[in-house]
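>
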Amino acid sequence: MNWWQRLLRRRKMEEQLEEELCFHLEQHTNELIAQGHAPDDARRQARLALGGSEQVKEHCRDARGTRWLEDLLQDFRYAVRTLRNQTGFAAITVLILALGIGATTAIFSAVNAILFEALPYPHADRLMMIWEFGSEDSRSYVAFHTYRELAARSCSFNAIAVLKPWQPTLVGPAEPERFDGQFVSASFFHVLGVPPFLGRDFEASDDRFNGPKVVILSNALWKRRFGGDPTIIGRQITLDDNSYTVIGVMPSAFESVLVPSAELWTTLQYDAEHITDVQTKEWGNHLRMIGRLQPGASTDQARRELDTIVHTPVPEFPRPPWASHKQGFIVNSLQDDVTRGVKPALLAVLGAVLLVLVIVCVNVTNLLLARGVRRRGEFALRIALGAGRSRLIRQLLTESLLLAAMGGVAGIAVAQLGVRALMAISPPELPRVGAIAVDGPVFAFGLGITTLIGLVVGLIPALRASRNEPQMGLQESSQRTAGGHRRTRSALVVVEVALALVLLVSSGLLLRSLKRLFAVAPGFDASHLLTMQVQTYGRRFDDDAACNRFFAQALDAVRNVPGVSAAAFTSQLPLSGDADVYGVQFENEDKTRDAEAAFRYGVAPGYFETMGIPLRRGRLFNAEDAAGLPVRPVLINESLAKRKYPGRDPVGRRIRFGGPPNRPWDIIVGVVGDVKQTSLAVSQSDAVYVTTAQWLWADGTQWLVVRTRGDAAALALAVRQAIWSVDKDQPVVRVATMEGLLAASAAERRFALILFEAFALAALVLAAAGIYGVLSGGVAERTREIGVRLALGASRGGILTLVIRQGMTFTGIGIAIGLAGAAVASQAIAAMLFGVSPLDPVTYLSVIVLLAGVSVIACGVPARRASRIDPMSALRQE
Amino acid sequence: MPEKSDLPQGTLDLLILKVVALGQVHGYAIAQRLQQVSRNVVQVPQGSLYPALHRLENRGLLAAEWEETDTGREAKFYRLTRKGRAQLETEAASWQRLTEAVGLVLKLSEGGVE
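From first to last, the protein sequence lines stand for chains R and U. By this note's numbering, the letter at position 695 of the first sequence is numbered 695, and the numbering carries on one by one without gaps. If you count the second sequence from 1, you need to add 1000 to reach this note's numbering.
What follows is the structure, encoded as structure tokens:
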């Protein structure tokens, strides 16, 4: 018989045991009668010989080996019964646990998917992003010839690939559809380790200068646009007026982590010849580089090898002076690279939710302790009837595990909702959002913390209860033992207050950071400003004049839209994520110095007026600043002017901006205010403005900025129609109000703030509930004492003060401990703070005031109850 | 009440196995036989007999069936399994070795150690 068979046949076995012992007694009795004993005496002797029959049965049951399971079932049934009798207690406990477990599991699902789970590529840990060092150790793109040299000379990488954005347009009967795609080197999918599931991968012969135009489609695009037609391979499709041959379709499981929106890929087809011609795009630093390490090669090894290559140039790969790569290269794992922006926020949020979970545990422990006090009589009875201490602990742990399990089940449901809410507020730069789900590992995590919680919250109450002295418990007047209970519960409340303070301070600091951030002047007037990107598509715009003509006509059309007060084009838009940077050379400055970099804005006259960027000196652009002038007029921004021309007038001085080193000088005609380009938090804002017409080439993609009289968003459609009235085939994308862009630039901080606020609020409520619970429990236990005090002449006000003072003592100690914790925790979120010190006194003070205020309210209710105790009835209760 | 004998740890199991090895037998008879064979020296505490029987059954050393006794009453009869027989042999052998060794030590005359 298996143990489970024995378990299932428990009743039968019990019957048989009874029968067997009966038989024994009968036999013995009969024998004694035969020996001449009287029947009654014989029966008594037989019984004595066998010993207590219940005891024998217990030992036999123990011998069966299924005892633990039987006990467990018994405990389980008992736990269900007791909880059913206390639905209020059970409901509150399960609710608190569900929120705690649910929130933690939801956050874990996001953190796990983004930071810890391997990327969906074979041996994803070997994928490395390789960057050049930019200014201040920032990461900078690489040039095609640099890629060629590394790909040819590096041995620690199995393969290296480069990629850059491609936004081809497919024109149809409806609005033109623009896709996000990538130009990639032929090795791209080989590096990722995922081949197309239909057709073939790119080959070296596809990726040569003026090579055949081939394209690989994503699975989603293939299904959406081509109905999942398997005969697509070899078909021609027209993108941007060019005919491309479809050579492959990626599997549906393929995830483009680097560019989540990418739906098609074509080859880069850069010119590998003419390496000494340094003015070509092949020497422009604008490619992303990704490499796959050889098995066994470490990141450090790769970094060292690239350093060696840098310091031993070979004649086949001559480098221009700016591509000496003196500092070597930045080599980061792909996972670190794509998550670096969100990692601090995610880890901080994970830390915060774990604090909430601890508070939840403390709270539930306190509830269980309070319940233990009420059940003291029951435990005492059980001990008196012979229940062992371990048996009692086991039973109480079964109860707490049952509670935790119910909380866990509800928690998983909460987590499902939480994940959805999380995605709704997630910042746009959050990578791999699609991978966030309540899946196997997340379930395992939820189960794990549920079990852990069950044990943790059950242990202290179980140990406390089992230490009961039975006599004392049975004599219902139990004030003498209440002291120990209250001490434990008070300590737990102190812990709760301390943790709540840590969370409140952290979210307070984040809140103030966000306020500071939005108080930062962006350098322009963001209200009533509509922005959108207008792109030109098609062969006819290969001619610069045609391109400029289109933008000029479109601008005229937009300016005529009712409700538009001003409009202009710019090559890059502040806060849009663009980073178009060129080198600046200053006249009369040491030429051997590295060129400084500045943002390049190619703007239409009227841009500054439209944006509300103030003029500090000189003049703005006007209609005369057109192509063909012998000297190009430029504007620079204020901080660049201050740094380069301290105390002098920059107007009339000469710089050289972009283009070959022998180009004629440009003349500074004016200075305008600083504008935040990257984000509100980044002060780097050196900028040089040129008119669109006078730039080295015509920008095929430009941003339209429109100042409106009324609501900016309401004009979006009319403005788009105006552009399409000039040419209906030109894509207009990324329509947004400037206020929306401002908010988006702080999205990561806002994401962290929303979560911290929610967690801090939960912590505050739980801490207040904890204080309330302990105090009202205390008042109930001390009813008699308070009655005596009142009878002896204590004033009601005195009693009120007594209880409140006791509660505020917990709060005070908790705040003191919490302050130390907050000082440590705020260092951990320092990376997310802006303009606020981690020890910002205003935040700390307001949090203390808030916490103290809430505690007073939580103390007030039980204190009032205590002061209203009627001494007569309190004394009569005994 | 009969005087309790102090059986060395594990001896009861060995004695039970031996008695059951002689043929199918029920619990009460085992107690009786142990007492008779040991000439009342071994007094099996009846309270610990049944837990021991159940333990041995649980370990697969004994098998039990309900059968009629001579008097026509249903009783639980125990018999030795193959595993039980093997166990009995090893335990009996080790008991033999142990008693011989203990006997040798006890035979030493005082001061007779070399």
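For every residue, glycine included, the Cβ atom is placed at its ideal position computed from N, Cα and C. Note that this is a predicted model, so its numbers are computed, not measured.
Compute the distance between the beta-carbons of THR245(R) and GLY234(R), then report whether it is under 8 Å.
A contact, by the Cβ cut-off of 8 Å.
> Beta-carbon within less than 7 Å of ALA98(R)'s beta-carbon, same chain only, minus the 5 sequence neighbours each way: which residues are those?
For ALA98(R), where only same-chain residues beyond five positions count, the Cβ hits under 7 Å are GLY407, ALA410, GLY411 and VAL414.
> Identify, in the order they occur along the chain, each residue of the same chain with its Cβ nearer than 6 Å to the Cβ of SER477(R), setting aside the five sequence neighbours on each side.
Note on SER477(R): pLDDT 46, under 50, position unreliable in the model; the coordinate value appears next. Excluding residues within five positions, none has a Cβ falling inside 6 Å.
> Go through its chain and collect everything with a Cβ distance to SER466(R)'s Cβ below 6 Å, but skip five positions before and after it.
Answer for SER466(R): ARG389, LEU392 and ILE393, listed in chain order.
> Output the distance between the C-alpha atoms of LEU680(R) and LEU517(R), rounded to the nearest integer angstrom.
The alpha-carbon atoms of LEU680(R) and LEU517(R) are separated by roughly 6 Å.
> For chain R, is any of its Cβ atoms less than 8 Å away from the one on ALA1093(U)?
Taking Cβ atoms only, chain R never reaches closer than 8 Å to ALA1093(U), which makes this a no.
> Taking the continuous alpha helix (DSSP H) assigned at SER390(R), which residues delimit it?
Counting along the chain, the alpha helix (DSSP H) containing SER390(R) begins and ends at 389 to 425.
> For ALA1064(U) versus GLN1046(U), is the C-beta spacing smaller than 8 Å?
For ALA1064(U) and GLN1046(U), no; Cβs fall outside 8 Å.
> Specify whether the region 498 to 515 of chain R and the region 540 to 559 of chain R touch according to this definition: at least 3 beta carbon pairs, one from each stretch, less than 8 Å apart.
No, because fewer than three Cβ pairs between the region 498 to 515 of chain R and the region 540 to 559 of chain R fall closer than 8 Å, the two stretches do not touch.
> Pairs of beta-carbons, one from the region 714 to 721 of chain R and one from the region 663 to 675 of chain R, closer than 8 Å: are there three or more?
No, the region 714 to 721 of chain R does not touch the region 663 to 675 of chain R.
> Could you confirm whether any beta carbon from chain U is found closer than 8 Å to the beta carbon of ALA49(R)?
At least one chain U Cβ lies under 8 Å of ALA49(R).
> Inspect the CB distances between the region 418 to 427 of chain R and the region 354 to 374 of chain R and report whether three or more fall short of 8 Å.
As far as the Cβ criterion goes, the region 418 to 427 of chain R does not touch the region 354 to 374 of chain R, which means the pair count is below three.
> Let me make sure I understand the geometry here. Which of GLU54(R), GLN55(R), ARG10(R) and ILE33(R) has the alpha-carbon closest to that of GLN45(R)?
With distances taken between Cα atoms, GLN45(R) lies closest to ILE33(R).
> Examine the Cβ distances between the region 123 to 132 of chain R and the region 435 to 445 of chain R and report whether three or more of them are shorter than 8 Å.
No, they do not touch.
> Determine the DSSP secondary structure at ASP870(R), reduced to helix, strand or coil.
Correct three-state label for ASP870(R): coil.
> Would you verify that the beta carbon of ALA1086(U) is, or is not, closer than 8 Å to some beta carbon of chain R?
ALA1086(U) does not count as touching chain R.
> Roughly how many angstroms lie between the CA atoms of VAL803(R) and SER837(R), to the nearest whole one?
Between VAL803(R) and SER837(R), the C-alpha separation is close to 37 Å.
> Would you call the region 734 to 749 of chain R in contact with the region 679 to 697 of chain R, where contact means no fewer than 3 C-beta pairs closer than 8 Å?
Because the criterion of three Cβ pairs below 8 Å is met, the region 734 to 749 of chain R and the region 679 to 697 of chain R touch.
> Examine chain U for any beta-carbon lying closer than 8 Å to the beta-carbon of LEU127(R), and answer yes or no.
LEU127(R) does not count as touching chain U.
> Name the residues in the region 1034 to 1057 of chain U whose C-beta lies less than 7 Å from a C-beta of chain R; which are they?
Per Cβ criterion, the list reads GLN1046, GLY1047, TYR1050, PRO1051, HIS1054 and ARG1055.
> What separation, rounded to the nearest whole angstrom, lies between the Cα atoms of SER140(R) and VAL774(R)?
Looking at the two C-alpha atoms, the distance is approximately 58 Å.
> With DSSP run on the structure shown, which of helix, strand or coil describes PRO633(R)?
In the structure shown, PRO633(R) sits in a strand (DSSP, three-state: E or B).
> Could you check what DSSP says for GLU14(R) in three-state terms: helix, strand or coil?
Looking at GLU14(R) - three-state DSSP - the assignment turns out to be helix.
> Assuming contact is defined by CB atoms lying nearer than 8 Å, are TRP703(R) and LEU573(R) in contact in what I supplied?
Yes, these two residues count as a Cβ contact at 8 Å.
> Determine, for HIS37(R), whether the minimum Cβ-Cβ distance to residues of chain U falls below 8 Å.
No - not a single Cβ of chain U is within 8 Å of the one on HIS37(R).
> Just confirm the distance between the C-beta atoms of ARG486(R) and GLY778(R), as a whole number of angstroms; I'd bet it's less than 8 Å.
Confirmed, about 6 Å.
> Count the other CB atoms within 10 Å of the CB of LEU402(R); is the residue buried (16 or more) or exposed (fewer)?
Buried, because 16 or more other Cβ atoms sit within 10 Å of the Cβ of LEU402(R).
> Thinking PHE879(R) and ASP686(R) are a contact (beta carbons under 8 Å), I'd like their distance in whole angstroms, please.
Here chain R has residues from 1 to 878 only, and residue 879(R) is not among them.
> Just reading off the beta strand (DSSP E) that ARG292(R) is part of, what are its end residues?
Where ARG292(R) is concerned, the enclosing beta strand (DSSP E) stretches over 288 to 293.
> On the DSSP bridge assignment, give the partners of GLU273(R) in chain order.
According to DSSP, GLU273(R) bridges with nothing at all.
> Closer than 8 Å, CB to CB, is ARG64(R) near chain U or not?
Output row for ARG64(R): interface = yes.
> For the beta strand (DSSP E) containing VAL534(R), name the first residue and the last one.
Residues 529 to 535.
> Check whether the region 52 to 67 of chain R touches the region 1047 to 1056 of chain U, counting contact only when three or more Cβ pairs, one atom from each stretch, lie closer than 8 Å.
With the cut-off at 8 Å, the region 52 to 67 of chain R and the region 1047 to 1056 of chain U touch.
> By the three-class DSSP mapping on this structure, what secondary structure does VAL142(R) have?
Of the three classes helix, strand and coil, the one that applies to VAL142(R) here is strand, per DSSP.
> Checking the sheet assignment: what are the DSSP bridge partners for ARG656(R)?
DSSP, once it has assigned bridges, lists GLN585(R) as partnering ARG656(R).
> At the level of alpha carbons, what is the spacing between THR692(R) and PRO605(R)?
About 9 Å.
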